[in-house]
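For our numbering, count along the sequence shown from 1 and bump the result up by 22. From the three backbone atoms N, C-alpha and C, an ideal C-beta is built for every residue, glycine too. Note that the structure is predicted; figures quoted are calculated from it, not measured. Structure, as structure tokens:
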Amino acid sequence: MIVDVHSHIYFPEFENDLNEVIERAKEAGIISIISAGIDHKTNMQVLELAKKDKILNSTLGIYPTTAMNISEKELDDEIRFIKENNNEIIGIGEIGLDFKEANTEEQHKKQINAFRKILTSLESLDKPFIIHSRKAEKECISILEELNIKKVNFHCFTGSYKLAKKIEQNGWFLSIPANIDKSEHFQGIVNLISINNLLTETDAPYLCPKGKERSEPSFITGTIDKISEIKKLDVNEVKKNIFLNYQKLFYN
């Protein structure tokens, strides 16, 4: 009952051994690997990938820098594409804001306008939104609160603990990546936030727990062990709680 709620296993890093990666995930007890699209090309890829194995699921998204660099028509077309494929996906993302990659006020504004349009256009699909919020955590939370968005997961949240508590208070989720072993920040998040608001992810191929190696879904087992250690809960209890959170967010 282990889940990887956010990955990019369609990236070139997996093209030579994807079948083996999936098998290792199964052997580790993973029952769901969610691949997140970031633009039209990758949205097409994750839809195709999901046909490969029953443990593979998809979310379709428009990454903040993608939204910043496409036309209004292209944004509208991608929103329409997501609506058309609503029955093939279990979430929308990744979407959000990334002010690390936006250097001007104009770029900030374009990202914010696109984020708002995506949320208001797709909320009626009743799917969870997977949020990327690098260097714009406060702004993402504010917009989501203003629009009264209910189903939310903040992936790889690197904002302050105060903002993490606000996410918890809103009934949203935070997914913890596999590099938690070497990240005091994510260890702190796990210590602070209720088990009822936590999920597990890899962001594979990124955020590997083993130095410069490629991350992959099977590494989630290490995250479960670390959460168990921090929370002083039995490993099976952690698995059960996070699986229930997964069901609540993606299938409720």
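Burial of Gln133 is indicated by the presence of at least 16 other C-beta atoms within 10 angstroms of its C-beta.
Using a Cβ distance threshold of 8 Å, Ile44 and Val25 do not count as a contacting pair. The alpha-carbon of Lys204 is positioned some 14 Å away from that of Thr180. Under the 10 Å beta carbon count, Lys149 is surrounded by 16 or more other beta carbons and is classified as buried.
Where Asp26 is concerned, the enclosing beta strand (DSSP E) starts and stops at 24-29. Across the structure, Asn91 and Glu123 are spaced so that their CA atoms are roughly 11 Å apart. Shown here, Leu40 sits in a helix according to DSSP, grouped into three states. Taken through DSSP and simplified to helix, strand or coil, Ile163 comes out as helix.
Assignment of Ser182 by DSSP, reduced to helix, strand and coil, places it in the coil class. Taking each of Ile171, Asp61, Thr126, Glu106 in turn and checking the Cα distance to Ser93, the smallest one comes out for Asp61. Contact between Ser29 and Ser54 does not hold, since their C-beta atoms are separated by about 10 Å, which reaches or exceeds 8 Å. Each residue's CA atom was taken as its position, placing Thr126 and Asn219 some 34 Å apart. The beta-carbon distance between Leu196 and Ile163, rounded to whole angstroms, is 12 Å. This is too long to meet the 8 Å contact definition.
Taking Pro231 as reference, the option from Leu221, Asp256, Pro199 with the minimal CA-CA separation is Pro199.
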